[in-house]
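Residue numbers (full-length UniProt numbering): 1 to 328.
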């Protein structure tokens, strides 16, 4: 049974995989796309669905990567070089596509990113209030520390040391300890923490708003976490993965669009360059390059036309540009 784009988008959301939902909102002939056509673009640049021919698709993939990086929606206008008859759209991202068929299209790109994970420990009134507020703020409240952006330790004396230790071991970047300054200092001093571990813990967590009730205290703690995310650049730690063996690295490299470029891994006397090692999708956005013939931004993937000239790698929007450049 064929999966619709709506169903595929739901699957990706449930799996916490970042993607961009692209929808054609306006099309002017001659173009193969029609208003209402849509697709999803994954973090490796692969596309599922239809929003136009190969040249339009190249522009969509490149714009989608930027949308995933900054989290902003984009109205993309893919226009031919002679686009005088296509109406103006203030605020849109305009791409003049020299290899386009001559039609013009507008595509709305909406990034869909996983909700930040937060863990709340402790069945206290403050813990209950923090859980409810986190859900209201569109966090996903989790029971596992893996991949969490923050942990609120609200046991008020119960199981605090264990919760802090487990969060540290899981790599959680921010641990909000709900305790007085005095009790926080005593607890942390007895744990024998490193300076790096101590820096990840907010003792006596929360912004000073004069909070008194459990709900007000929860508000102050969640406000500090939101501030660190929006202002301090707080993000979840990358999931820990075992090092790839030489055989695994070679298998990844042949896996095609289901994998994306990741960090260099040791594989014997030499190492694969950073561009060649493949890791599971969603870990690293796809790379882009500029087509030296038409100037288009293209997403580098297994099916991207590629050539080597004077020992330098080049990627192209289509086989025609590749042929022109390698013949020059």
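Using N, Cα and C, we set each Cβ at its ideal position, and we do this for glycine too. Quick caveat, the model's predicted, so the values are computed rather than measured.
| Asked | Found |
| --- | --- |
| Rounded C-alpha distance that separates residue 133 from residue 310 | 59 Å |
| Residues of its chain near residue 300, where Cβ-Cβ distance is below 7 Å and the 5 sequence neighbours each way are ignored | 286, 287, 288, 289, 315 |
| C-alpha distance - residue 303 paired with residue 116, whole-angstrom precision | 33 Å |
| Three-pair Cβ contact test at 8 Å for the region 134–154 versus the region 185–193 | no |
| Alpha-carbon spacing of residue 163 relative to residue 228, whole angstroms | 21 Å |
| Touch test, the region 119–139 against the region 101–110, Cβ-Cβ under 8 Å, three pairs minimum | no |
| Helix, strand or coil at residue 350 [DSSP, three-state] | Given a span of 1 to 328 for the chain in the structure shown, any question on residue 350 remains unanswerable. |
| Nonlocal neighbours in the same chain, by C-beta distance under 6 Å from residue 334, ignoring five residues either side | There is simply no residue 334 to check, as the chain begins at 1 and stops at 328 in what is shown. |
| Nonlocal neighbours in the same chain, by C-beta distance under 7 Å from residue 257, ignoring five residues either side | Note that residue 257 scores 38 on pLDDT, short of 50, meaning its location in the model is unreliable and no value can be drawn from it. |
| Length of the line joining the Cα atoms of residue 171 and residue 14 | 23 Å |
| Under the three-state DSSP convention, the category residue 346 falls into | What is shown of the chain runs 1 to 328, which leaves residue 346 out entirely. |
| Helix, strand or coil at residue 193 according to DSSP, with G and I counted as helix | coil |
| Between the CA atoms of residue 137 and residue 270 - distance to the nearest angstrom | In this prediction, residue 270 scores a pLDDT of 29, lower than 50, which makes its location untrustworthy; no coordinate-derived value is stated. |
| Boundaries of the beta strand (DSSP E) in which residue 107 is found, first to last residue | 104–112 |
| Contact test: residue 49 Cβ vs the ligand FMN heavy atom, cutoff 7 Å | Here there are no bound small molecules, and the ligand FMN is not part of this structure. |
| Within 8 Å, strictly: CB atoms of residue 8 and residue 24 | no |
| Beta-carbon proximity of residue 113 to residue 149, cut-off 8 Å | no |
| For residue 288, the three-state DSSP class (helix, strand or coil) | strand |
| Per DSSP, cross-strand counterpart(s) of residue 39 | 22, 49 |
| Assumed close pair residue 224, residue 210 - CB separation to whole angstroms, cut-off 8 Å | No, residue 224 and residue 210 are not in contact; Cβ-Cβ is about 15 Å, not under 8 Å. |
| Reduced DSSP secondary structure (H/G/I, E/B, other) of residue 201 | strand |
| Residue 169 (DSSP reduced to helix, strand or coil) | helix |
| Spatial neighbours of residue 168 in its chain, beta-carbon cut-off 6 Å, leaving aside the 5 residues before and after | 197 |
| Per-residue DSSP class, three states only, for residue 207 | coil |
| In DSSP terms, what residue 306 is bridged to | 315 |
| Same chain, Cβ closer than 6 Å to residue 156, neighbours up to 5 away in sequence not counted | 124 |
| Residues near residue 292 by beta carbon distance below 7 Å, same chain, minus five either side | 314, 325 |
| Where residue 121 sits in the DSSP three-state scheme | strand |
| Distance between residue 214 and residue 279 (C-alpha atoms, nearest Å) | Confidence at residue 279 is low in this model, with a pLDDT of 35, below 50, so its placement is unreliable and the value that follows should be read with caution. In a straight line, the C-alpha of residue 279 is about 43 Å away from that of residue 214. |
| Integer Cβ distance of residue 42 from residue 63, believed to fall under 8 Å | That belief does not hold up - the Cβ atoms of residue 42 and residue 63 are roughly 14 Å apart, past 8 Å. |
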